[in-house]
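*Asks:* My structure is below; once you've seen it, I'll send some questions.
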Ligand code: FAD
């Protein structure tokens, strides 16, 4: 099993993922979160793109505000779903114009929802490698991150096909992959073995999700193909009506996961923040990360 050999004394690099807010209240909450987490000096912060392009404008305005009001480096998520190449190219050009230099390029979920057959827009990018190549061709200075699936993507018939897609994305110009959320670190290390055996050398950054609301998050991640092990679920048993304890347990469990990964040499983490700062701030602290670059070895 590939464990990254280096000792974990270096303070890890982190990045944060947000989703674009729907209401003014959610927007205020997001900005409280951004302001709380920004002093932790993330490498970048990314903003998701709603299924089927549903948040196109909100993703753009969130990214534009991050660029205008903070020193953070934003990465815009973008999918191929429901749009012609020309429309996607325009979105990318607009991002480039306002100063965005990092895109998380994805195929996206099937237009009629997870579990239904995927179909492409007739004039659209037909796959994520095509999207990566399209962005790189227009703007070679845009850095591209892509997805990776330690449990393979649910639509993939097997790991070989899945990793072939990752390879195609790398060959098209992607330089970082961020994983789907996982709870069993062994799955990540086994996946890393497969990826490295295929000759893929880019960083495969673990995507970590603190489970603020276990019941809700469990449904969400299970639909996306993540296994929730029984031992993991057992930690939240009986806490459905006890948000305070649930929060402490969620922080402890996620902190344990990242500390174990760090112990085995993983030095970069991407946090699915769900637009909440508290748990991610605490976990980062446990990794030795201090506000404003005052870093301490974990
Ligand atoms: P790809 O990497 O292109 O493919 C994933 C796997 O599916 C590959 O193994 C490939 O072989 C297989 N596959 C692809 N197409 C087919 C097909 N037609 N038939 C059979 N197998 C196929 N979704 C959003 O809507 N917005 C976001 O902002 C967003 N951000 C994400 C960020 C990260 C880090 C991750 C991990 C996922 C994110 N997603 C997002 C979810 C993602 O869009 C879905 O998982 C989607 O189903 C696959 O997109 P992809 O780019 O990961 O797929």
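Residue numbers (the numbering used here): 2 to 299.
Even glycine gets a Cβ: it sits at the ideal position worked out from N, Cα and C.
All figures in this text were calculated on a predicted structure; none of them were measured in a lab.
If you reduce the DSSP assignment to three classes, tell me which class residue 157 lands in.
*Replies:* Along the chain shown, read from residue 1 onward, the residue named residue 157 stands at position 156. Residue state, collapsed to three classes: coil.
*Asks:* So, helix, strand or coil for residue 286, using DSSP?
*Replies:* Counted from its first residue, the chain shown places residue 286 at position 285. It is helical.
*Asks:* Secondary structure at residue 103, three-state DSSP: helix, strand or coil?
*Replies:* The residue labelled residue 103 in the question sits at position 102 within the chain shown. Three-state DSSP puts residue 103 in a strand.
*Asks:* May I ask which residues mark the beginning and end of the beta strand (DSSP E) holding residue 254?
*Replies:* Taking the first residue of the chain shown as position 1, residue 254 is located at position 253. It is not in any beta strand (DSSP E) - residue 254 instead sits in the alpha helix (DSSP H) that spans 244-264.
*Asks:* At a threshold of 8 Å, does residue 179 count as lining the ligand FAD (C-beta to nearest heavy atom)?
*Replies:* The sequence position of residue 179 within the chain shown is 178, counting from 1. Residue 179: yes, Cβ under 8 Å from the ligand FAD.
*Asks:* I want to know whether the region 104-114 touches the region 72-81 - three or more CB-CB distances under 8 Å.
*Replies:* Yes: the two stretches touch, three or more of their Cβ pairs being nearer than 8 Å.
*Asks:* Between the beta-carbon of residue 225 and the beta-carbon of residue 182, is there less than 9 Å?
*Replies:* To locate residue 225, count along the chain shown from 1; it is residue 224. To locate residue 182, count along the chain shown from 1; it is residue 181. Against a cut-off of 9 Å, the Cβ pair of residue 182 and residue 225 comes out as a contact.
*Asks:* Counting only the same chain and skipping the five closest in sequence on each side, list residues whose C-beta sits under 6 Å from that of residue 17.
*Replies:* Translated into the one-based positions of the chain shown, residue 17 becomes position 16. Result list for residue 17: 38, 43, 46, 272 and 274, in chain order.
*Asks:* For residue 146, tell me which candidate among 153, 36 and 170 has the shortest Cα-Cα distance.
*Replies:* On the chain shown, position 145 is the one that residue 146 refers to. For residue 146, the nearest C-alpha among the options comes from 170.
*Asks:* Count the C-beta pairs between the region 207-222 and the region 158-175 that are closer than 8 Å, then say yes if the count reaches three, no if not.
*Replies:* No, the region 207-222 does not touch the region 158-175.
*Asks:* Check for me: the beta strand (DSSP E) holding residue 15 runs from which residue to which?
*Replies:* If you number the chain shown from 1, residue 15 lands on position 14. Unbroken beta strand (DSSP E) run through residue 15: 14-19.
*Asks:* For residue 7 and residue 84, what's the separation of their Cα atoms in angstroms?
*Replies:* Reading the chain shown from its first residue, position 6 is the one you call residue 7. Reading the chain shown from its first residue, position 83 is the one you call residue 84. Unreliable positioning characterises residue 7 in this predicted model, as indicated by a pLDDT of 49, which lies under 50. The coordinate reading is nonetheless provided below. Using only the alpha carbons, I get a separation of about 43 Å.
*Asks:* So for residue 79, helix, strand or coil by DSSP?
*Replies:* For the purposes of this step, residue 79 is taken as the residue at position 78 of the chain shown. Residue 79 falls in the strand class under three-state DSSP.
*Asks:* Alpha carbons only, please: which of 61, 33, 220 and 53 is nearest the one belonging to residue 21?
*Replies:* Counting from one through the chain shown, the residue named residue 21 turns up at place 20. Comparing Cα-Cα distances from residue 21 to each of 61, 33, 220 and 53, the minimum goes to 61.
*Asks:* Just checking my contact of residue 205 with residue 235 at CB under 8 Å: how many whole Å lie between their CB atoms?
*Replies:* As a first step, residue 205 must be located in the chain shown, where it is residue number 204. As a first step, residue 235 must be located in the chain shown, where it is residue number 234. With a Cβ gap of about 28 Å, residue 205 and residue 235 do not count as contacting.
*Asks:* Using a threshold of 8 Å, is the CB atom of residue 149 nearer than that to any non-hydrogen atom of the ligand FAD?
*Replies:* Position 148 of the chain shown holds residue 149. Answer for residue 149: yes, Cβ within range of the ligand FAD.
*Asks:* Taking just the CA atoms, how far does residue 247 sit from residue 128?
*Replies:* In the chain shown, counting from the first residue as 1, residue 128 sits at position 127. In the chain shown, counting from the first residue as 1, residue 247 sits at position 246. Residue 128 and residue 247: Cα-Cα distance of roughly 39 Å.
*Asks:* With DSSP as the reference, please indicate the residues paired to residue 149 in a beta bridge.
*Replies:* Along the chain shown, read from residue 1 onward, the residue named residue 149 stands at position 148. Partner(s): 180.
*Asks:* Using a 10 Å radius around the Cβ and a threshold of 16 neighbouring Cβ atoms, would you call residue 58 buried or exposed?
*Replies:* What you label residue 58 is simply residue 57 of the chain shown in a count that begins at 1. Exposed: under 16 other Cβ atoms inside 10 Å.
*Asks:* Would you kindly check if the distance between the Cβ of residue 89 and the Cβ of residue 125 is under 9 Å?
*Replies:* Here residue 125 refers to the residue found at position 124 when the chain shown is read from its first residue. Here residue 89 refers to the residue found at position 88 when the chain shown is read from its first residue. Result yes, Cβ atoms of residue 125 and residue 89 sit closer than 9 Å.
*Asks:* Which partner residues does residue 206 have in the DSSP bridge list?
*Replies:* On the chain shown, residue 206 is found 205 positions in, with the first residue counted as 1. According to DSSP, residue 206 bridges with 179.
*Asks:* Rounded to the nearest angstrom, what separates residue 233 and residue 200 at their Cα positions?
*Replies:* Along the chain shown, one-based indexing puts residue 233 at 232. Along the chain shown, one-based indexing puts residue 200 at 199. Rounded to the nearest angstrom, the two C-alpha atoms are 32 Å apart.
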